[in-house]
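**Student:**
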Amino acid sequence: AEAFSEHPIAKSIVESSKEFSEKDHDYANFKAIMGKGISGECMVCVDKHHCIGTLRFIMEEHKVDKRVIDIVERFEKEGKTAIVVSDDNKIKGVIGVTDEIRPESASTIRALHQLNVKTAMLTGDNQSAANYVGKLVGIDNIYAKLLPDEKVREISTLVKKSKSVAMVGDGVNDSPALTTASVGIAMGAIGSEVAVENADIALMNNNLELIPFLVKLGRVSGRTIRINTAAAIGVKFVFLALALIGKSSLALAIFADVGVTVLVVANSLRLFNFGHKKL
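Anchor point for the sequence shown: position 109 equals 111 in the working numbering, and the numbering is continuous, going up by one each time.
1) For the region 153-163 against the region 173-187, are there 3 or more C-beta pairs whose distance is under 8 angstroms?
2) With the cut-off set at 7 angstroms, would you say residue 128 and residue 78 are in Cβ contact?
3) Rounded to whole angstroms, what is the Cα-Cα separation between residue 110 and residue 210?
4) How would you call residue 59, buried or exposed, if buried means at least 16 neighbouring beta carbons within 10 angstroms?
5) Within 10 angstroms of its Cβ, does residue 206 collect 16 or more other Cβ (buried), or is it exposed?
6) Going by beta carbon distance, what residues of the same chain come within less than 8 angstroms of residue 96, once the five residues before and after it are set aside?
7) Short check: CB of residue 170 to CB of residue 187, under 7 angstroms?
8) How would you call residue 142, buried or exposed, if buried means at least 16 neighbouring beta carbons within 10 angstroms?
9) One question on the structure: do residue 241 and residue 253 come within less than 7 angstroms of each other, judged by their Cβ atoms?
10) Ends of the beta strand (DSSP E) at residue 52?
11) Mapping the DSSP letters down to three states, classify residue 168 as helix, strand or coil.
12) Sort 226, 244, 255, 38 by Cα distance to residue 276 and report the nearest one.
13) Can you grab the Cα-Cα spacing for the pair residue 33 / residue 189, in whole Å?
14) Residue 31 to residue 268, Cα distance in whole Å?
15) Tell me where the beta strand (DSSP E) around residue 87 begins and ends.
16) Answer with buried or exposed for residue 201, where buried requires no fewer than 16 other C-beta atoms within 10 angstroms of its C-beta.
17) Around the Cβ of residue 243, are there at least 16 other Cβ atoms within 10 angstroms (buried) or fewer (exposed)?
18) Indicate the three-state DSSP secondary structure (helix, strand or coil) for residue 177 in the structure shown.
19) Taking all protein chains shown into account, do 16 or more other C-beta atoms lie within 10 angstroms of the C-beta of residue 172, making it buried, or fewer, making it exposed?
20) Report the option in 98, 40, 35 whose CA atom is closest to the CA atom of residue 131.
21) Identify every residue that forms a DSSP beta bridge with residue 189.
22) Pull up the distance between the alpha-carbon of residue 108 and that of residue 163, whole angstroms please.
23) Going by DSSP in three states, residue 269 sits in which element: helix, strand or coil?
24) May I ask you to list the residues that DSSP assigns as paired with residue 145?
25) Assign residue 105 to one of two classes, buried (16 or more other C-beta atoms within 10 Å of its C-beta) or exposed (fewer than that).
26) Can you name, in chain order, every residue of its own chain whose Cβ lies under 7 angstroms from the Cβ of residue 266, other than the five neighbours on each side?
27) Mind checking whether residue 157 and residue 182 have CB atoms under 7 angstroms apart?
28) For residue 279, which of helix, strand or coil comes out of DSSP?
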């Protein structure tokens, strides 16, 4: 069933399951409930109705005994995300998943801190798993066990408090928050199509170090726009003043107008050199 889901955890489970099963089963009435899990009717198994997701989601479908709850709690204390699997009749098992921390994660966070950018993690994982990853890479604030609408609420709060908020995401559950942030950034190479469609920027590779680069590029671009605007308006005002006192001519005005246009374009072209050096 996970083969039909676009969630990053689902992709990991599918990859691992290839060791035990050669072929995926076909499913009907497949549903992906954001922030909870998936369900569907297996076309092969005797017990057709399958559910995979959070403990909260499975408890909506089944009565869960204490043994399963204990396993979930043990996984969470170990910093793992617990995925519960059920069919028509009972709980079939619990899968413990841990995040593989990318080697450049800590250096990316350090680079953002050097740029005076505050960082926060918004995740649907349990608090223990989120704290483990967040502290290991140096993230400032950690918000765990969030449903998609709760992520939107947290992003909205951050937008009200800050001048601008960038959200980086790769899954379907991140899509609403990506549209709420000042700038939505999707990891295009590993992210879902929905996340890419809802983002303002799509990174077409997995390199997290591009995020500090984007911050630098955004700041340099903003500064370039302000300089170009000030220069263009300044020249206009100077020649307006000269015209009022009779010191300007049509030829001189045309020369100044073309000249400032060339200077503005030349100043903007410097951004290509910035990108070449950083990439």
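Glycine included, C-beta positions come from ideal geometry on N, C-alpha and C.
**Tutor:** According to the structure shown:
1) yes
2) yes
3) 7 angstroms
4) buried
5) exposed
6) 70, 73, 74, 77, 84, 85, 86, 87
7) yes
8) exposed
9) no
10) 51-55
11) strand
12) 226
13) 24 angstroms
14) 58 angstroms
15) 83-88
16) buried
17) exposed
18) helix
19) buried
20) 98
21) 205
22) 25 angstroms
23) helix
24) 124
25) exposed
26) 230, 233, 234
27) yes
28) Note that residue 279 scores 49 on pLDDT, short of 50, meaning its location in the model is unreliable; the coordinates nonetheless yield the value given after this. Residue state, collapsed to three classes: helix.
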